[in-house]
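Residue numbers (my numbering): 14 to 374.
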Ligand SMILES: [Zn+2]
Ligand SMILES: [Zn+2]
C-alpha cells in the first residue's frame, strides 16, 4: 500500500529520512515536521557559540529541547511511510549546533564527561549553559585570630536575615570567607563547598606548607585555578599553595598526621623527670579517643616532648589527624593523655600547626 498523500518537508527534515517516499521539499514554514524550526538552528548555534565563548572549557556537549509535537510528527511520518530514518530531529539539531560551536571555538565534543553542556532550544531561539563542577586541592596558611570556617549567623541560624544581609553567616573573617571571595572571583561562581583536612583554633597559626583542603566549585565559568594565591583580609592574609585541579570528586578523604606546638598550663610545677617520662611514653603510642556521638577510635601519637618554665609547658607533638590537640593535653575523652602521664591537670592554652602530612587515602 502507498501512502495517499505526499509529505511536505523542508531541506533539513528530508535529509533525515532515508527512503524514497512521497516526500516533497518545501520552504521551512510549510514543513510538516518542524514547521520552520530547523531554519532557526543556525541562529541558535550562533547564539550558543557566542554564549559559551564566555566560559573556560575544553570539552562540551549539546542537548536539545524541542517544542511539543515536533518529534511526534516525525514519528508519525516514519511509521506511515515505514521509514527507519537516519537520525532524529534532536540528534540532527545537536549535531549541527555542536559542529558550529566546535568549528567556531575549537572545542571538542565529549558526551560522557563534558566540561560544559549547552541546551539549545531552537523553538524559542534560546540557549542555556551548565557546567560540570570543579574540584581544587590546595593548602592554606593562616595567622592567629581568624577562624577556619565561617560561622552561621546567630540571629537566623543560617537561613539569611537582615543582620547577616541574607548571607546566613556571621560577618567575621575566616579562611573560608576569604577563600570563597577569591575563588568566586577566579571561577565566576560563588557556589562552593569546602572539605578541610582537620581543623584548628581561631588563635592557632597554621604554618607552611599549610593545611590541605578540597573545594568543590559548582557551575564554574572558569575552571582553571592558580597553584598559589594570597587573599588579604583586614589585617591578615591567608595564602594558598600547592594548588591543583583534581580529576574528580575524591571518593574518600586522605588520612594525615600533623606536627603541633602547644603552650599549656599545668596545675602544679612539672619536674624534669616527668618531662623525660612524657617523651619516652609517647613514642609511637596509641591513644583512645572517645568521640562524642561516634564510635571510639585509636589514634597514634608519633612523638611528644615538652619543656617547662614554671607551670607553663611548651609541648611539641606529632599526632594522627583527627586527634584533638586540646583533649590530648587535658585528657578529656582521650587516654592516655599529657595530663595523665604528667600526673597533673594540664590545659592547652594555644596550639599552632607546623605541618600536615598526608599519609594515604
Ligand atoms: Zn523541517
Ligand atoms: Zn542571619
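Where a beta carbon is used, it is the ideal one built from N, C-alpha and C, also for glycine. In this text the structure is predicted, and so the values were computed from the model without any measurement.
According to DSSP, residues forming a beta bridge with residue i
| i | result |
| --- | --- |
| residue 266 | Looking at the DSSP assignment, residue 266 forms no beta bridge with any residue, so it has no partner. |
| residue 250 | 245 |
| residue 36 | 20 |
| residue 72 | 121 |
| residue 258 | 149 |
| residue 154 | 252 |
| residue 298 | 314 |
| residue 102 | DSSP, once it has assigned bridges, lists no residue as partnering residue 102. |
| residue 143 | 130 |
| residue 160 | 187 |
| residue 369 | 271 |
| residue 277 | 326, 361 |
Beta-carbon gap between residue i and residue j smaller than 8 Å
| i | j | result |
| --- | --- | --- |
| residue 133 | residue 57 | yes |
| residue 45 | residue 130 | no |
| residue 357 | residue 252 | no |
| residue 90 | residue 20 | yes |
| residue 135 | residue 50 | yes |
| residue 30 | residue 98 | yes |
| residue 6 | residue 202 | No answer is possible for residue 6: the residues shown for the chain start at 14 and end at 374. |
| residue 181 | residue 171 | yes |
| residue 244 | residue 192 | yes |
| residue 330 | residue 292 | no |
| residue 355 | residue 283 | yes |
| residue 154 | residue 220 | yes |
| residue 128 | residue 144 | yes |
| residue 75 | residue 107 | yes |
| residue 38 | residue 109 | no |
Proximity winner among the options, relative to residue i (alpha-carbon distances)
| i | options | result |
| --- | --- | --- |
| residue 249 | 22, 190, 295 | 190 |
| residue 313 | 297, 347, 61 | 297 |
| residue 285 | 322, 175, 348 | 322 |
| residue 290 | 198, 216, 351, 48 | 351 |
| residue 163 | 108, 186, 174, 35 | 186 |
| residue 239 | 263, 199, 229 | 199 |
| residue 138 | 78, 121, 336 | 78 |
| residue 333 | 222, 361, 267, 283 | 267 |
| residue 36 | 18, 42, 52 | 18 |
| residue 184 | 220, 283, 38, 246 | 246 |
| residue 211 | 141, 319, 316, 370 | 370 |
| residue 142 | 308, 86, 70 | 70 |
| residue 360 | 295, 344, 42, 173 | 344 |
| residue 261 | 269, 236, 362, 270 | 236 |
| residue 372 | 188, 222, 271, 42 | 271 |
| residue 287 | 320, 307, 168 | 320 |
| residue 101 | 113, 264, 156, 87 | 87 |
| residue 59 | 41, 40, 111 | 111 |
| residue 156 | 294, 92, 224 | 224 |
| residue 234 | 173, 295, 43, 146 | 146 |
| residue 80 | 48, 41, 264 | 48 |
For residue i, the first and last residue of its enclosing beta strand (DSSP E)
| i | result |
| --- | --- |
| residue 357 | Here residue 357 belongs to no beta strand (DSSP E), and DSSP marks it neither H nor E. |
| residue 31 | Unbroken run through residue 31: none, as it is neither H nor E. |
| residue 193 | That residue, residue 193, is in no beta strand (DSSP E); its alpha helix (DSSP H) goes 188 to 200. |
| residue 320 | 310 to 322 |
| residue 238 | Residue 238 -> no beta strand (DSSP E), and no H or E assigned at all. |
| residue 203 | Run containing residue 203: none; DSSP gives neither H nor E here. |
| residue 328 | 325 to 333 |
| residue 226 | 219 to 230 |
| residue 1 | Residue 1 lies beyond the residue range present for the chain, which begins at 14 and ends at 374; the question has no answer from this structure. |
Endpoints, the alpha helix (DSSP H) within which residue i is located
| i | result |
| --- | --- |
| residue 286 | 285 to 294 |
| residue 62 | 54 to 65 |
| residue 83 | 83 to 94 |
| residue 338 | 338 to 343 |
Residue i at chain C interface by Cβ criterion, 8 Å
| i | result |
| --- | --- |
| residue 173 | The chain labelled as chain C is not found in the depicted structure, where only one protein chain is given. |
Does the stretch 56 to 74 come close enough to the stretch 116 to 131 that 3 or more CB-CB pairs lie under 8 Å?
yes
Can you find at least 3 beta carbon pairs, one from the stretch 311 to 331 and one from the stretch 273 to 287, that sit closer than 8 Å?
yes
Stretch pair the stretch 251 to 263 + the stretch 148 to 159: three plus CB contacts closer than 8 Å
yes
Cβ contact (3+ pairs, closer than 8 Å) linking the stretch 340 to 350 and the stretch 300 to 314:
yes
Count Cβ pairs between the stretch 210 to 230 and the stretch 152 to 161 that sit closer than 8 Å; are there 3 or more?
yes
Are at least three pairs of beta-carbons, each pair with one atom in the stretch 222 to 235 and one in the stretch 200 to 212, less than 8 Å apart?
yes
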